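Protein chains in written order, with the working numbering: chain H, 1 to 435; chain P, 1001 to 1435; chain A, 2001 to 2435; chain S, 3001 to 3435.
Below: one structure, written as structure tokens.
Protein chains: 4
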Amino acid sequence: MAQSNGLKIAVIGGGSSYTPEIVEGFIRNYDQMPIRELWFVDIEEGKHKLDIVGNLAKRMIEKSGLPIEVHLTLDRKRAIEGADFVTTQMRVGLLAARKLDEHIPIKHGVIGQETTGPGGMMKALRTVPVILDICRDIEELAPNAWMLNFTNPAGIVTEAVLKHSKVRSVGLCNSPINVQKFLAAEYQVPEKDVLPEFVGINHLHWVTSAIVRGEEKLPELLDGGKSYTAKNVPTLGWDADFLKSLGAIPTYYLKYFYMKDTMFTDMKASLEKDGTRADIVSRVETELFELYKDVNLDVKPKQLEQRGGAFYSEAAVNLMNSIYNDKRDIQALNVANGNTFDFLPPDASIEVNCVVTGQGPVTLAPKNVPEHVKGLMHAVKVYEKLTIDAAVTGDRGIALQALAHHPLVPSVDVAKKVLDELLEAHKPYLPAFFK
Amino acid sequence: MAQSNGLKIAVIGGGSSYTPEIVEGFIRNYDQMPIRELWFVDIEEGKHKLDIVGNLAKRMIEKSGLPIEVHLTLDRKRAIEGADFVTTQMRVGLLAARKLDEHIPIKHGVIGQETTGPGGMMKALRTVPVILDICRDIEELAPNAWMLNFTNPAGIVTEAVLKHSKVRSVGLCNSPINVQKFLAAEYQVPEKDVLPEFVGINHLHWVTSAIVRGEEKLPELLDGGKSYTAKNVPTLGWDADFLKSLGAIPTYYLKYFYMKDTMFTDMKASLEKDGTRADIVSRVETELFELYKDVNLDVKPKQLEQRGGAFYSEAAVNLMNSIYNDKRDIQALNVANGNTFDFLPPDASIEVNCVVTGQGPVTLAPKNVPEHVKGLMHAVKVYEKLTIDAAVTGDRGIALQALAHHPLVPSVDVAKKVLDELLEAHKPYLPAFFK
Amino acid sequence: MAQSNGLKIAVIGGGSSYTPEIVEGFIRNYDQMPIRELWFVDIEEGKHKLDIVGNLAKRMIEKSGLPIEVHLTLDRKRAIEGADFVTTQMRVGLLAARKLDEHIPIKHGVIGQETTGPGGMMKALRTVPVILDICRDIEELAPNAWMLNFTNPAGIVTEAVLKHSKVRSVGLCNSPINVQKFLAAEYQVPEKDVLPEFVGINHLHWVTSAIVRGEEKLPELLDGGKSYTAKNVPTLGWDADFLKSLGAIPTYYLKYFYMKDTMFTDMKASLEKDGTRADIVSRVETELFELYKDVNLDVKPKQLEQRGGAFYSEAAVNLMNSIYNDKRDIQALNVANGNTFDFLPPDASIEVNCVVTGQGPVTLAPKNVPEHVKGLMHAVKVYEKLTIDAAVTGDRGIALQALAHHPLVPSVDVAKKVLDELLEAHKPYLPAFFK
Amino acid sequence: MAQSNGLKIAVIGGGSSYTPEIVEGFIRNYDQMPIRELWFVDIEEGKHKLDIVGNLAKRMIEKSGLPIEVHLTLDRKRAIEGADFVTTQMRVGLLAARKLDEHIPIKHGVIGQETTGPGGMMKALRTVPVILDICRDIEELAPNAWMLNFTNPAGIVTEAVLKHSKVRSVGLCNSPINVQKFLAAEYQVPEKDVLPEFVGINHLHWVTSAIVRGEEKLPELLDGGKSYTAKNVPTLGWDADFLKSLGAIPTYYLKYFYMKDTMFTDMKASLEKDGTRADIVSRVETELFELYKDVNLDVKPKQLEQRGGAFYSEAAVNLMNSIYNDKRDIQALNVANGNTFDFLPPDASIEVNCVVTGQGPVTLAPKNVPEHVKGLMHAVKVYEKLTIDAAVTGDRGIALQALAHHPLVPSVDVAKKVLDELLEAHKPYLPAFFK
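Structure representation (structure tokens):
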């Protein structure tokens, strides 16, 4: 990467409550990754939040004493022009839309979740067109930029970019870095001495190997029935016999699939008690932005850690750093399948270990792909593919096929009802479906 | 095939109520397929039924005036020795076992069905070891014989034989021949002028093309939302929008997957009213055997048609005839995948069109494999593969993985409970699991 | 196929000396395939031959008493408009070009042959653009027509059409029908009782099974070291040990690959003695056209059989007949690979058994693909793919890669020299290369 | 890897003239890779050389002052027992056999070379059974050891081990490390800042990308027609147009394929002038062993560098070091294909970039696999596969198929003659063929 006079980075969705995390990451890594300009972009509806969190970012940079220019803007094109990295962390329709995604499916007896099932699908239908619009800008104004997608559903969004644009793009999730940190803590070794193997697609992966200082620890991890949890997912435990015969540790998102019944029941109970996860996040965000407003605050506040999404920004900064410095370390990322899984198309996005070079990630062949889980992976990937097709065309028939073939949906009849209600509810964000 | 002095055919499970159908088929096709010896074999528990139906078979042959010797025996080896064709149509554990397969899953909120889900799995676990035992006999005593599996779950049974024996084997189901007959009737043409394309695996196929006199009729069939029914499956209709965007006609067994909720509800209601399907079949069989006892009866009685399994014997006789006479006509059969579906292993069994030659079936490449259904096919095939592994090893962990990954099972927890109860219930027929 | 009031057939390259054969075929099959109009098209340079052979065709039809209209024309669009079948049998650059294709490589120590090596490549470079131009006409004027390519190199030409047009197209060669006839004669059975299996690509196939009346005869055929010959290829014998360990019968064109040295030596000697094959064909054609001029001749003259290309027209008429009547018989044709060979791309053309339906050919999965020959098949297919790319783009670099990777070419250096000389020699027919 | 009290390393073929190189490597890397015991094993015929070079090794270690025990032995089992790494660097039949491998093919007009063509095949036929015998010892006496194959033909030998033993094994060649060093020198950067991508199989790879400090330099390398040479291969240049349209840099061994004619001519001329390469190596070795005898010599002599095989030991020590220390750096190695190349079987050996972990190498997916070269790779891989089958079974028919399908062999006839003469010449080392 041209080592010129520092990097330009554009953060789309800069008004996000996560912004202080990524700013902290940039400051911490400045010696390896000298940033010249940092652009936070948002849309009109997000201007208020952008101002608040953007000013906190400015105070953080100022405190650091680093020569980084911070720009807050609603002009996406200016932010993207000539950028080296563009990150996206946005929510089309804001938390209000997420609330509908979580609420409506539950009314029909289906899990309502931000990134999978009918809820995840609607988020994808709203988001993909916007992301592809951003890609048009990048193709024109920053053709050498790398686009880093944190925007959920990250697997679908990344696949849409791979298929429908020429932008160099990688999707990432904080789940793998949490596994890494869990293993390092468990074995009391530095993170670099741990190598978990990830097999799967975004929010649907299995840890199929865990090398610690050169030794395979997976059998003992399975034996102990150990697992790990994350703030944004209910912490139900896994059945020990199941893990052992599975021979892999499922990501916590797989509880939606392997424990459909209890997850649904819990979700419904919790909805009645505390509202949806969107409601909870909404309350947390309100509190966070109250904090951010404090003109004396010039560090990332501790409370942000409760927000979920732990280590997202560390993952993002690691990725940029490794591309910028041709580091060739191993990171689990969302990239094109190629030949990695022979039962998926080459242009499908998958979540696996990669070596990150100056030319981007190169996929590492998984050593151990459990036969047991191929069908489930394939089924969800079919749903993802159809969802992208539906997002791009606005075809209700394709959308129906996507839902009807999703493992969380019990029948075509339910698929149809949920789909109709969700499409109607999100009409303003789905122009392709209401031409 | 050596045209010698007539064929020897062994029918394993000869005491079945279906036997008059196959006898009728043999009589009707004698000019093309001259049978010298017809051996009906059964086990001790089936001797009573074998005697009744075997004697009816003898009367039917006698009436035909054909020089076919009929043998009734409990000595499987004698029946198999030197046979040209061995057919299997058996039910390990008899209807009592089927009743448990249907009943127990429903208690746990899961569809209880003879050939799929937990019920189908248990049938497979009981049947595969017996079938492989028969294969040992064929390898030794009739190495050039063709084995025709009607025994359900036919796809799993066929795959087990492909993987664990050297016997030349084909699985078959009456579902394709019913599609053929439906189309011929619909378009008022002879059956040979109709060519439906089948894509899938046993009891999980889609009709993806329907050529009638050289023209593709699928679009108009989908448009009209036409479908067809069979006696042994509830006749719920398909959603017309769904069919159209699917671009294929699902087999009626796919209602268990695409309409899990209503199928379960109907099944439970019907169970409470009329008992399981096993109960109904049991009543029908009792009546049939009463009829069969009539020493004046020397034709297949009309009432047999209500039994379900329409045209099974026609399908079987067609297959033998085409192998014997190197006919090279097209039949939908259960055979090894090879490269047909690139997302399934080569040794998986699939249900597709084949050209039947004197050396057995050769697969026809499907022209149209809908992307939408690949995940579901793959998921069920994974379950089938694991079921075979469990049947052969008696490993409960593998059995749990099979069920936990079956699309009809809502959670690992339910899988575990259903599995435990079913294994216990079928203990006498599952020696590998109770060593 | 619309059974309307008879078929319209357009024969591109109608002035060919083969025309009487295809006319004979149409007459013989009229009861199954009622032809209304028969259009013979040629270009200005071929007008003289078109008149001669076209008038013979008219006399043959007249003698038959059938109500077939015969049209001779230079107006390709009129001939194609509304046609049901379009066949191509043309030679861009006429025999003079073939002579160069055969002559120039030999000067550089490389086999010079009409359909493979540098000669075949040049024929492809001249022909592909013309064929694609014809496809444009068919797409516009006869979108439902089937195009039957006899034009060599038939595999490359067919693949070019598959990749670069929407025309429904099949390639065919007379080599498979000759194998069929050889086996029928050898075993004294009707042709329909013989089923050879073809594995490979055009002019590079292996016979990997030979079922005669349901029994596999390949081992005894290999044991005897039997083979068959064709008029247009030197009849060298195969080594018996080689055939036996190969486990397949190679097509006679494979002698160019398996016997590079003696084939080259023979070819060079024969060139010095009798001129190239083009010279010989030229002499035969002159004699044939002398015969055709005879106004009393109203049948196909015996002498045509010496021309080579035996049974070409029988193969062509069989194919049309099976499509028209949805016959579903088995024919070896050049079609898209799909998943047939997992080491070749889906859109590569291959030569394998197909069932011919009213919707065109459906591929039969080969039962036996010898490991030994996969590399050679793959290498020649890579050459073919590059040749199509070169023909479409006029890129010399791609053309060089094609030749440099062709198994008949000993080095990059020779490839470069042969290519330069051939491109220059064929300049008038290669506008894409001399823009 | 158990970090216990130091490593045990067994070097099979310890009497090789290369031994001082590997000893130098062990000394230089001792701080990262503490070796406790170093066992040099050879056979009776090699005892004299083992003593000479083994004593030099002892003097080198002594000079280093490191606590490494050196053992010289003819008892292979003792050397292997409990070893952490076993390296093989042997030559079954010694240089006399290599001389025949080089000489006999040339008599028949075929390239005679140590690692490819008929010569390479014979080396494989002699070596594979011995290597598999060593594997039996490792399986029994050091089941956790890693076997590192330098023994040529390294690709075939590695594939044989992958297929016919349970030993954890990697093949390696010095060619990739030379590319690495060439690029580092060319761009004046440390080796770690250079990342060439290797696509292919052993001695048949292409460099398809060259990342230097994160930037792709391949286009400019191809433009300049730059290449690199090695001591053991004639330094003919590549055609610049060819390289550019190829889009990759071929390894120097590919000159045997892309320049068959001049390579053969040069080889024959050089044979007549200086004898075969075996003769030259023989003279060099005699001189080297004279030097090694000097009891005052206690370092690797400069003259060894002329021997060819530059940086072999550096490559070997790097690999051991990365496994031992779970380094996760990128090295080009010979490993199982898996899904890397979709046109080769999963158990084929390939030569590609890997990340070397404590559990061994993990394959990196090549970003750029040129279509052009797939056929050639496939063809040579088929030859390699057949060669292994022949080595294991002693089947002459399979051996004939291997040679007849090798791109360097012009015809079946030549294949047969060369094979017969070579098998006879090497009779003492080919017991499987002369049972």
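In this text, a Cβ means the ideal position worked out from N, Cα and C, and glycines have one as well.
Just so you know, these numbers come straight off a predicted model, no measurement behind them.
Starting from the N-terminal side, write out each stretch of the alpha helix (DSSP H) that is 4 residues or longer and does not extend beyond the segment 1281 to 1356 of chain P.
Whole alpha helix (DSSP H) segments, 4+ residues: 1312 to 1324.
Quick one: give me the first and last residue of the alpha helix (DSSP H) that V3167 of chain S is part of.
Where V3167 of chain S is concerned, there is no enclosing alpha helix (DSSP H), given that its DSSP letter is neither H nor E.
Can you tell me which of S:F3040, S:V3418 and S:P3105 puts its alpha carbon nearest to the alpha carbon of I2941 of chain S?
Chain S is shown from 3001 up to 3435; residue 2941 of chain S falls before or after that span and cannot be answered.
State yes or no: is the beta carbon of V2355 of chain A nearer than 8 Å to at least one beta carbon in chain P?
Answer yes: the Cβ-Cβ gap between V2355 of chain A and chain P drops below 8 Å somewhere.
DSSP three-state call for G1014 of chain P: helix, strand or coil?
Three-state result, G1014 of chain P: coil.
Let me know if A185 of chain H comes out buried or exposed under the rule of 16 or more other beta-carbons within 10 Å of its beta-carbon.
The residue is exposed, with fewer than 16 neighbouring Cβ atoms inside 10 Å.
Go ahead and label N152 of chain H buried or exposed: buried means 16 or more other beta carbons lie within 10 angstroms of its beta carbon, across all protein chains shown.
Classification of N152 of chain H: buried, given that the 10 Å Cβ count is 16 or more.
Please tell me whether E3159 of chain S and I3388 of chain S are closer than 8 Å, where the distance is taken between their beta carbons.
Contact flag set, yes.
In chain order, what residues of the same chain have a beta carbon less than 7 Å from the beta carbon of Q401 of chain H, not counting five sequence neighbours either side?
Here the set comprises L386.
DSSP three-state call for I177 of chain H: helix, strand or coil?
I177 of chain H: helix per DSSP, three-state reduction.
Is N55 of chain H helix, strand or coil by DSSP?
If DSSP states are grouped into helix, strand and coil, N55 of chain H belongs with the helices.
DSSP three-state label for K1217 of chain P, please.
Coil, per DSSP.
Output, in chain order, the set of chain H residues within a Cβ distance shorter than 8 Å of S1411 of chain P.
By Cβ distance, chain H contributes Y258, M259, K260, D261 and T262.
Within 8 Å (strictly less), CB to CB, does E215 of chain H reach chain S?
With 8 Å as the cut-off, E215 of chain H counts as an interface residue toward chain S.
Applying a beta-carbon distance threshold of less than 7 Å, which residues of chain S neighbour F2343 of chain A?
Result: F3343 and H3378.
Taking a cut of 8 Å between CB atoms, which residues from the segment 368 to 393 of chain H lie near chain P?
Of all residues in the segment 368 to 393 of chain H, E371, H372, V373, K374, G375, L376, H378, A379, V380, K381, V382, Y383, K385 and L386 have a Cβ within less than 8 Å of some Cβ in chain P.
In chain order, what residues of the same chain lie with their CB nearer than 8 Å to the CB of L3430 of chain S, ignoring the 5 residues before and after it?
Around L3430 of chain S: L3125, R3126, G3394 and L3423.
So is N3005 of chain S buried or exposed if we call it buried at 16+ other beta carbons inside 10 Å?
When all chains shown are included, N3005 of chain S counts as exposed.
Quick one: residues in its chain with C-beta nearer than 6 Å to the C-beta of P250 of chain H, no 5 flanking neighbours on either side, listed in chain order?
Closer than 6 Å at the Cβ level, and outside the excluded window around P250 of chain H, lie W206.
Among P:F1257, P:K1367, P:P1345 and P:A1379, whose alpha-carbon lies nearest the alpha-carbon of L1162 of chain P?
Comparing Cα positions, the closest option is P:P1345.
What residues in its chain sit with their C-beta under 8 Å from that of A2316 of chain A, if we drop five residues either side in the sequence?
Within the same chain, A2316 of chain A has close Cβ partners I2022, G2025, T2087, L2148, F2150 and L2172.
Flag this pair as yes or no: are the beta carbons of Y2292 of chain A and Y2018 of chain A separated by less than 8 Å?
For Y2292 of chain A and Y2018 of chain A, no; Cβs fall outside 8 Å.
Looking at E2351 of chain A and I2201 of chain A, is the spacing between their C-beta atoms short of 8 Å?
Closer than 8 Å, so yes.
So which residues of chain A does A1365 of chain P contact, with C-beta pairs closer than 8 Å?
Near A1365 of chain P (Cβ distances below 8 Å), the residues of chain A are G2338, N2339, T2340, V2362, T2363, L2364 and A2365.
Smallest Cα separation from V1409 of chain P: which of P:L1254, P:A1269, P:A1142 and P:T1116?
When only C-alpha atoms are compared, the closest one is P:T1116.
Using Cβ-Cβ distances below 7 Å, what residues of the segment 3396 to 3410 of chain S are close to chain A?
Going along the segment 3396 to 3410 of chain S in chain order, one finds G3397, I3398, L3400, Q3401, A3404, H3405, P3407 and P3410 with a Cβ nearer than 7 Å to chain A.
Can you tell me which residues form a DSSP beta bridge with S3245 of chain S?
The partner list for S3245 of chain S (beta bridge, DSSP) is empty, contrary to what the question assumes.
Could you list which residues in chain H have their beta carbon closer than 7 Å to that of I3350 of chain S, in chain order?
The premise fails here: I3350 of chain S is roughly 11 Å from chain H at the closest Cβ pair, so nothing lies under 7 Å.
In chain H, what lies closer than 8 Å to I3330 of chain S by C-beta?
Simply R328 and V355.
Alpha carbon to alpha carbon, what distance is there between A2154 of chain A and L2132 of chain A?
Taking the straight line from one Cα to the other gives about 13 Å.
Quick one: grab the DSSP three-state call for K231 of chain H.
Confidence in K231 of chain H is poor, its pLDDT being 40 and thus under 50, which makes the residue's placement unreliable; the coordinate value appears in the next sentence. Coil, per DSSP.
Report the CB separation of V3418 of chain S from I3211 of chain S in whole angstroms; it is logged as a contact under 8 Å.
Not really, about 42 Å apart at Cβ, beyond 8 Å.
Less than 7 Å separating the Cβ of T1262 of chain P from some heavy atom of the ligand ADP?
The ligand content of the structure shown is nil, which means the ligand ADP is not present either.
Below 8 Å on the Cβ atoms is my guess for P2407 of chain A versus F2257 of chain A; work out the distance and round it to an integer in Å.
Confirmed, about 6 Å.
Of all the residues that make up the segment 180 to 210 of chain H, which are near chain S by a beta-carbon distance shorter than 9 Å?
Hits within the stretch, in order: K192, D193, L195, E197 and S209.
Who pairs with P1250 of chain P in a beta bridge, going by DSSP?
Partner(s): P:W1206.
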